[in-house]
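Numbering (the working numbering), first residue to last: 229 to 490.
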C-alpha cells in the first residue's frame, strides 16, 4: 500500500513546482465566488428572496469543481494510452486504475491545501454568521461520506473517458462535453432546485447528480431521511454501473493492445 501512496506524494510534490499557476488559480476561483455572490445579492435585493443557502451552494459548487478528479484522471490515463506506456500494464491491468487513483489523490491534496482552503478561509471571514447558520456538524459529517462516494464516481467517469481515447484518439471534445453536462445536470452553475421540474427529474438520474449535486445538497439543505437515502441510492447505483463499465472497457482496451502485440 505504501508504494501506491508514493504516487500520491510524487504528484503532490510535482504540483508544488507551479506556485505562480496556483496563485493565479486561487485568484480566479475567488473572483468566481465574488461574482456569483454579487449576482445573488442583486437577485435578493430586487426579488425579496433569502439567498443565504444559494450563496453557500455556489461556494461549495466552485470548490467541488476544483477538487473533482475527472480531468486529472482523464489526462493521466489517456496520456499513457496515446504514448503507448499502457503496454507496461498488460499483465496487471488492475494496477493501472489503482496507480491512477492514488495519483489523483496527490492532485486532490494539493488543490485542497492551496486552492480550496484559502477560498474557504476567506469565505468564513467574510460570511462568518452565514456559513455557521447554514452548516451544522451533522451535515458536515454526512457531507464527508457523500463526497467520498462522489469522488469515486467522478474518478470512474474520468477513467472511462480516458479509455475511450483508444477509439477516438483525441478525447478533448468528449471531456469538454462531460464538463458541460456536469455543470448543467450536476448543478455546477445553478442549484437544481431552481430548475424546471422536468429538467430536475432528468438531472436526478444522471451520474452528474451523484458527482456534484449530491454532496452540495447534503451540506447546504436540511434534507429528511428519505432525501438522504435517495441521494445515497443514486450514488451507489452509478458507482456500481460505472465500475462495471470501466472494468469491461478496460478489458477491451488491454485485449486490443495484447492482440496488437503491445
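Ideal Cβ positions, reconstructed from N, Cα and C, are used throughout, including at glycine. From a predicted model like this one, the values you see are computed outputs, not experimental measurements.
Scanning 430, 464 and 406 for the CA closest to the CA of residue 293 turns up 406. For residue 419, the CB contacts under 7 Å within the same chain, skipping 5 residues up- and downstream, are 282 and 285 in chain order. Fewer than three beta-carbon pairs drawn from the segment 438-451 and the segment 341-352 are found closer than 8 Å, and the two stretches are therefore not classed as touching.
Look at residue 421 here: in three-state DSSP terms it is helix. In this structure, the beta-carbon distance from residue 447 to residue 371 falls below 8 Å.
The Cβ neighbour count for residue 245, taken over all protein chains shown within 10 Å, is under 16; the residue is labelled exposed. Rounded to the nearest whole angstrom, the CA to CA distance from residue 430 to residue 413 is 8 Å.
Between residue 484 and residue 386, the gap from beta carbon to beta carbon reaches 8 Å or more.
Residue 393 places its beta carbon less than 8 Å from that of residue 306. Using a Cβ distance threshold of 8 Å, residue 343 and residue 464 do not count as a contacting pair. In the DSSP annotation of this structure, the continuous segment of the alpha helix (DSSP H) that includes residue 291 starts and ends at 280-295. When the five nearest sequence neighbours on each side are left out, the beta carbons in the same chain lying within less than 8 Å of the beta carbon of residue 288 are those of 443, 444, 447 and 448, in order along the chain. When secondary structure is reduced to three states using DSSP, residue 343 falls in the helix class. In terms of Cα proximity to residue 460, the closest of 359, 353, 376 and 482 is 376.
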